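Below: one structure, written as structure tokens.
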Amino acid sequence: MRLALSELAVLFAIGAAGGLVGDAGHIQAGTTEYLDDSLPFVWESQLWFPLLVGLGTASLGEIRLWLGPPRPGFDLRAGAGGIAAVIGIYALTALIYEKPELPVTVLIATLAGLVAVWLADGRPALICGLLAAALGPVVEIIVVEAEWARYDDAADSLLGVAPWLVPLYFAFGVVAARLGELAVARRSAGARQL
Amino acid sequence: MRLALSELAVLFAIGAAGGLVGDAGHIQAGTTEYLDDSLPFVWESQLWFPLLVGLGTASLGEIRLWLGPPRPGFDLRAGAGGIAAVIGIYALTALIYEKPELPVTVLIATLAGLVAVWLADGRPALICGLLAAALGPVVEIIVVEAEWARYDDAADSLLGVAPWLVPLYFAFGVVAARLGELAVARRSAGARQL
Amino acid sequence: MRLALSELAVLFAIGAAGGLVGDAGHIQAGTTEYLDDSLPFVWESQLWFPLLVGLGTASLGEIRLWLGPPRPGFDLRAGAGGIAAVIGIYALTALIYEKPELPVTVLIATLAGLVAVWLADGRPALICGLLAAALGPVVEIIVVEAEWARYDDAADSLLGVAPWLVPLYFAFGVVAARLGELAVARRSAGARQL
Chain A
84 MRLALSELAV LFAIGAAGGL VGDAGHIQAG TTEYLDDSLP FVWESQLWFP LLVGLGTASL
144 GEIRLWLGPP RPGFDLRAGA GGIAAVIGIY ALTALIYEKP ELPVTVLIAT LAGLVAVWLA
204 DGRPALICGL LAAALGPVVE IIVVEAEWAR YDDAADSLLG VAPWLVPLYF AFGVVAARLG
264 ELAVARRSAG ARQL
Chain B
84 MRLALSELAV LFAIGAAGGL VGDAGHIQAG TTEYLDDSLP FVWESQLWFP LLVGLGTASL
144 GEIRLWLGPP RPGFDLRAGA GGIAAVIGIY ALTALIYEKP ELPVTVLIAT LAGLVAVWLA
204 DGRPALICGL LAAALGPVVE IIVVEAEWAR YDDAADSLLG VAPWLVPLYF AFGVVAARLG
264 ELAVARRSAG ARQL
Chain C
84 MRLALSELAV LFAIGAAGGL VGDAGHIQAG TTEYLDDSLP FVWESQLWFP LLVGLGTASL
144 GEIRLWLGPP RPGFDLRAGA GGIAAVIGIY ALTALIYEKP ELPVTVLIAT LAGLVAVWLA
204 DGRPALICGL LAAALGPVVE IIVVEAEWAR YDDAADSLLG VAPWLVPLYF AFGVVAARLG
264 ELAVARRSAG ARQL
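Chains as they are written, first to last, in this note's numbering: chain A, 84 to 277; chain B, 84 to 277; chain C, 84 to 277.
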């Protein structure tokens, strides 16, 4: 492991919290709906949801560090801005999911592209983004197949889930990779004040 | 006073003009409505509205300079971009205010966070942002209580006003602080060409 | 000619592809509608549309180079980010065109302003933006007058076309200018790896 347990815990907490905020927006807007309430709810989410998002965030941060040396320099703005960007795109999908899927998906894809232009360091970050863009929707498709949750009819054309999940997860993966880098950069002296 | 009268007047004019543009969007979209027309209208706004926003902009620019030395260097892009960002977020609220309040407020909050990541210089700008985020909504709550204006039912859950006013005013305060810095930076030789 | 044929072809292809994506969003959302189908359709567009957008992109890239020396340094992020920004703004107009025209136009104008703040190098890029902002809507007004296509009633207040076309084309012109600069910068040694 390249990240210490405490660093993984921070990434997990960021991901779980962000997932809860975004998921609550989807539930309240009617984008998604839980069909199975076997587990306790945390805010609007079944317990497994924030756990999975947190686990994904920590895993992608760790994977980023296997893929190459992180950039030096702790940059709180990149971390806070990346988190804000992904949560903002997530909230945006709750506001526009009933609109025609093509322009919705194009808008989310271009925003994800802008996140990558801003925060990706090339191949390692892009691999993390593509991993998330592939695995995230697959997990959600399985969840929908298992009838634990469903997407609204206006946003279910990708085997039952929304096609804009692909760029949304891509942006998530790029930002999780950046957070992995920042966790390492934070160890060095310059960031002790935080 | 750290700002000259002419500099305060420019900040006032920027704030008043931006307030008029944003308010006209709210009125035309039905986000807000004036209930009292005792004063003349300026475009879609009762006269007191642009005066208050202009006064707030100039005050926050001045307060910024009490809180610490401004960054040197006149950066027209930071000024123009900050103004565009706040007016854009303001216009966006007119387009989405009928959507569920949670994702609307989260989206506006993340955009405000991105404005701060871009333009804030740390504590001084954040104090200006927090001052605006606290006082702006309080003034609007008083206006609503006095029945001079009202928010649409879809956007009135914060004591009669919209909860996304808090991050909108925060972004406004951060940008007003940046404009205060830029007013000082513009005095020095390098910016004479503007 | 400052750009080689192959460079003009790349700009043409980027513009044509972006135009097709944006136009398909408009058609699917009902923003615009073709009234004349004399020519073959490419995806959702009549053939002349991607040809004109591609031609406009290549022309503006070339015009940029007549207006002054380009900035050195190949910056893939500026190119990819600029393309993403314009296509994203274009897709956004398909999602919000039914909302009140003032805040829609203000939002698109502020986003165009942010694109210029990011990518314009001053006068040359702004001239390209203004050229596009003037000529693009004029061509579309002629198209509407000729009854080859129409805008929805919610977005036709500028002589039959949408007023937000002006800032949308402005952003397009600024990005096309940047692409012209990047085409030249790419020739020099540092960019050979791409």
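We put the beta carbon where it would ideally sit given N, CA and C, even for glycine.
Remember, it's a predicted structure, so these values are computed and weren't measured experimentally.
Report back the beta-carbon spacing between residue i and residue j to the nearest angstrom; my notes put them in contact at under 8 angstroms.
| i | j | result |
| --- | --- | --- |
| residue 108/A | residue 249/B | About 17 angstroms separates the two Cβ atoms, so there is no contact after all. |
| residue 156/C | residue 268/C | 6 angstroms |
| residue 119/B | residue 230/B | 7 angstroms |
| residue 160/A | residue 204/A | Actually they do not touch by this definition, with Cβ atoms about 16 angstroms apart. |
| residue 143/C | residue 125/C | At roughly 21 angstroms, the Cβ-Cβ gap does not stay under 8 angstroms, so residue 143/C and residue 125/C are not in contact. |
Helix, strand or coil: which one does DSSP assign to residue i?
| i | result |
| --- | --- |
| residue 114/A | coil |
| residue 277/A | Confidence is the limiting factor: at residue 277/A the pLDDT is only 48, short of 50, which leaves the residue's position unreliable, though a coordinate-based value still follows. Coil at residue 277/A, not helix or strand. |
| residue 271/C | coil |
| residue 128/A | strand |
| residue 86/C | coil |
| residue 175/B | helix |
| residue 242/A | coil |
| residue 282/B | Residue 282/B lies beyond the range of chain B shown here (84 to 277); nothing can be said about it. |
| residue 142/A | helix |
| residue 103/B | helix |
| residue 122/C | coil |
| residue 257/B | helix |
Return the first residue and the last residue of the beta strand (DSSP E) that residue i is part of.
| i | result |
| --- | --- |
| residue 232/B | 232 to 234 |
Along the chain, where does the alpha helix (DSSP H) containing residue i start, and where does it finish?
| i | result |
| --- | --- |
| residue 183/B | Residue 183/B -> no alpha helix (DSSP H), and no H or E assigned at all. |
| residue 154/B | No alpha helix (DSSP H) holds residue 154/B; DSSP gives it neither H nor E. |
| residue 208/A | 206 to 228 |
Are the beta-carbon atoms of residue i and residue j separated by less than 7 angstroms?
| i | j | result |
| --- | --- | --- |
| residue 181/B | residue 232/B | no |
| residue 257/B | residue 219/B | no |
| residue 123/B | residue 134/B | no |
| residue 112/B | residue 186/C | yes |
| residue 255/A | residue 215/A | yes |
| residue 106/B | residue 128/B | yes |
| residue 202/B | residue 165/B | yes |
| residue 177/C | residue 200/A | no |
| residue 94/C | residue 140/C | yes |
| residue 225/C | residue 194/C | no |
| residue 98/B | residue 170/B | no |
| residue 96/B | residue 196/C | no |
| residue 244/B | residue 252/B | no |
| residue 184/A | residue 271/A | no |
Would you say the beta carbon of residue i comes nearer than 6 angstroms to a heavy atom of the ligand SAM?
| i | result |
| --- | --- |
| residue 257/B | Absence of the ligand SAM is noted for the structure shown, with no ligands found whatsoever. |
With 7 angstroms as the threshold, decide whether the Cβ of residue i is near any Cβ in chain F.
| i | result |
| --- | --- |
| residue 164/B | Absent from the structure is chain F; the protein chains it does hold are A, B and C. |
- Report yes or no: do the segment 139 to 159 of chain B and the segment 261 to 271 of chain B share at least 3 C-beta pairs separated by less than 8 angstroms? yes
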